[in-house]
Each structure stands twice: as structure tokens, then as C-alpha cells.
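Enquirer:
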Amino acid sequence: MMADLNDSEMKVATKLIFDGLSMAKSSMEQILQSPINIEQIDYVNAELDLNRFGGPNQDVHLIKTELMGELKGTSHLIFSEREVAKLYEACLPEKIAKDDSKESMIMKLGFLTEIDNMVSAAVITEFSNFLDVEIYGNVPSLKVLKATELNEFIVKESSEFESIIHFKAVFHGKELDICPDFIWVFHNKFVDKIKKLV
Amino acid sequence: MRVLIVDDSTYIRSSLRTLLGEEGFEVVGEAKNGEMAIDLAMELKPDVITLDNILPDMTGLDVLKTLNTGEFDSSVIMISAVGQQSAIVDAMNNGAKHYLVKPFDNSELIAILRQLDEES
């Protein structure tokens with residue numbers, strides 16, 4: 033756990049996480065062609081505020097990337113139903129954004145997974161280069177959950193690792209009016225790697 | 087110039103097909119996994135392959151290594167979200183001409199294709 037790190041190790045870990053998230057922010061800005069801020073970074077497994085999803089029965093789009101290689105973990109990029117609609121409208125050609133045919137739906141969902149693919153990869157690249165570990169993200173997968181199922185899903189995902197590191201960012205795209213959550217769960221080996229570096 | 091697009095994402099394949107078509111390049115095929123990429127590369131013999139690095143069945147690097155064992159002279163542009171220095175070096179050491187990290191500017195890809203076209 034992050035609590036196992038001493039002050040200087042913690043400084044390195046938080047800087048690395050911040051740098052990784054900053055790269056993710058830049059990637060998201062480039063994909064969405066709109067400014068994005070990192071509104072908040074947490075290092076604990078705090079429950080997500082479900083109010084932002086517009087109600088407990090609203091659909092939530094969760095895109096998961098599994099980390100492969102020397103470090104195990106998963107990332108989760110989470111958009112509300114309303115945010116997804118805004119992204120489609122802002123970023124996809126009108127004929128796709130407004131069409132509900134199977135082909136257009138495939139394109140829309142592909143667009144969402146590509147956002148996650150690039151944003152997660154930005155963090156992974158930063159960590160891989162800094163920690164000198166061979167890691168990469170697997171092909172991302174999309175799940176549509178009810179808002180009420182979200183926290184339980186994240187807890188279940190976390191339970192796959194014996195000892196875990198959490199960090200969570202809330203991005204904010206003011207122009208697009210979106211606030212996606214970006215949650216990472218790492219195996220505790222992350223801490224060992226940081227300790228070796230310091 | 088004849089281009090084969092390899093990416094597991096329908097969205098990316100479609101976006102690249104549209105972009106390249108608008109810029110006057112001929113997209114001769116699309117592959118969504120490594121096995122399909124190898125088959126199409128051998129069959130179609132494109133001038134250029136845009137190759138994603140993370141595919142469902144193998145890595146783009148594996149595809150590149152397999153193609154290098156046969157008669158293969160297409161130029162390969164790796165296009166991937168994987169941006170680690172080691173991945174880039176591995177790809178270039180195995181014959182990739184360029185490595186673009188997603189997200190990238192479309193103009194960058196077009197400039198590379200035009201440059202390859204001039205060199206051929």
C-alpha cells in the first residue's frame with residue numbers, strides 16, 4: 033500500500049502518478065480537441081459519488097484496460113450516459129452521432145474504447161519508462177453498468193489483487209461539460225519498484 | 087500508393103480509411119488482428135502497412151517479425167498507443183520505417199506517407 037512508502041518514496045510515487053495523469057490529460061485533450069483539467073487526484077479507494085451520473089438507475093459507461101507484463105493492474109475510465117452523448121456529438125461525424133444503426137453503434141463504442149486506449153497508454157508509457165518495466169495495456173473492453181453497480185464493480189475488480197495501490201483522478205472538460213473518473217488499481221509490486229528507485 | 091490498415095478498432099480503421107481516401111491514397115485492405123494482417127500483407131503486397139502494436143491475438147511486433155521471415159518489402163508505419171521507448175526501438179530494429187504514438191496529428195501521418203511515396 034502507499035502507506036508502506038516513506039516520505040521521500042511517497043514524493044517519487046505521487047510525482048510519477050501526477051506525471052502519468054498529466055500525460056493522460058494531454059492525450060485526452062488531443063483526442064477530444066478540447067481543454068481538459070485534472071480536477072482532483074485521490075490515493076485512496078474512496079467510493080465514487082454516484083450523484084454525478086444523474087441517478088442510481090442511469091447507465092454508466094466503464095472502459096477497462098488490463099495491464100499486462102511486469103506489473104499487474106487495471107484502469108477504468110468512467111463516463112455518464114449524458115457525457116457519452118456529448119462526446120459523440122462533439123467528436124464524431126453527425127451522420128454517425130445521430131444514427132442508431134448497428135454500424136454506427138460499433139463506431140461509437142469503438143470511439144469510447146479508443147479514448148481509453150490512448151489515455152491509459154499515456155499513463156502506462158510514463159510508468160514503464162520511469163520504472164524501467166515492460167508493461168502494456170491489453171485491448172480495452174467496455175461495460176455498461178447501472179450507476180448503483182459501479183462501486184461494487186470496482187471493489188470486486190480490486191479484490192483480484194492481494195495487495196493493492198489505488199489512485200483516482202477526476203478530469204474536467206469545461207467546454208465539453210464532462211467530468212470522467214479515471215481509476216487505477218495496481219498490484220503492490222508498484223511500491224516495491226518505487227522503493228528500489230529511491 | 088496502396089495501403090493496408092491493421093488495427094483491432096473498427097473506429098480507427100474507419101477513420102484511417104476515410105482520411106487516407108480523402109488524401110488520395112488507396113486503402114487495399116483492413117485487418118483487425120495479427121493473423122489477418124499477415125495473410126493480407128502476403129496476398130495484397132501493399133506499399134505501406136499501418137500497424138497497431140496491440141492486437142487481440144499477437145503484437146504488431148510479432149506481425150512484423152513474421153512478415154520479415156518471408157518475401158516482404160512493404161513499408162511499415164507502426165501506429166500505436168504504446169509509446170514506451172523500448173517498444174519504439176524494438177519496432178524500428180525490426181524494420182518499421184516510422185512509429186506514431188496515438189493520439190497523433192493526421193497531418194503527421196499524411197506527411198510520412200507522402201515522403202514514403204516520394205522515396206518509392
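Line order of the protein sequences matches chains V and W. Start counting the first sequence at 33; every next residue gets the next number (the working numbering). Start counting the second sequence at 87; every next residue gets the next number (the working numbering). Where is the CB? At the ideal position from N, CA and C, for every residue including glycine. Bear in mind that the values here come from a model prediction, so they are computed numbers and not experimental data.
In chain V, which residues lie less than 8 angstroms from G169/W when you measure between Cβ atoms?
Expert: A153, A154 and T157
Enquirer: Please state the DSSP three-state secondary structure of Q65/V.
Expert: coil
Enquirer: State yes or no: is the beta carbon of S176/W nearer than 8 angstroms to at least one beta carbon in chain V?
Expert: Note that residue 176/W corresponds to Asp in the displayed sequence, not to Ser. Chain V contact via Cβ: absent.
Enquirer: Scan the region 60-148 of chain V and note each continuous beta strand (DSSP E) run of 3 residues or more that stays entirely inside, going in chain order.
Expert: Listed in chain order, the complete beta strand (DSSP E) runs (minimum 3 residues) inside the region 60-148 of chain V are 69-74, 91-101 and 105-112.
Enquirer: Mind pulling the chain W residues with CB within less than 9 angstroms of F50/V?
Expert: Under the 9 angstroms cutoff, chain W gives no residues; its nearest Cβ is about 18 angstroms from F50/V.
Enquirer: Report yes if the C-beta distance between A134/W and V89/W is below 8 angstroms; otherwise report no.
Expert: The sequence shown places Val at residue 134/W, rather than the Ala named in the question. Yes, they are a contact pair.
Enquirer: Count the other CB atoms within 10 Å of the CB of L150/W; is the residue buried (16 or more) or exposed (fewer)?
Expert: buried
Enquirer: Are D138/W and D93/W closer than 8 angstroms when you measure CB to CB?
Expert: yes
Enquirer: Pop quiz: L124/V and F143/V are said to be a contact at Cβ under 8 angstroms. What is the actual Cβ separation, rounded to whole angstroms?
Expert: 6 angstroms
Enquirer: Pull up the distance between the alpha-carbon of S166/W and that of V155/V, whole angstroms please.
Expert: 14 angstroms
Enquirer: Cβ of I95/V less than 8 angstroms from any chain W Cβ?
Expert: I95/V does not count as touching chain W.
Enquirer: Which residues in the same chain have their Cβ closer than 7 angstroms to the Cβ of I91/W, if we skip the five residues on either side of it in sequence?
Expert: R99, L102, R103, V113, E116 and T136
Enquirer: Count the other C-beta atoms from every protein chain shown that fall within 10 angstroms of the C-beta of K130/V, then say buried if there are 16 or more, exposed otherwise.
Expert: exposed
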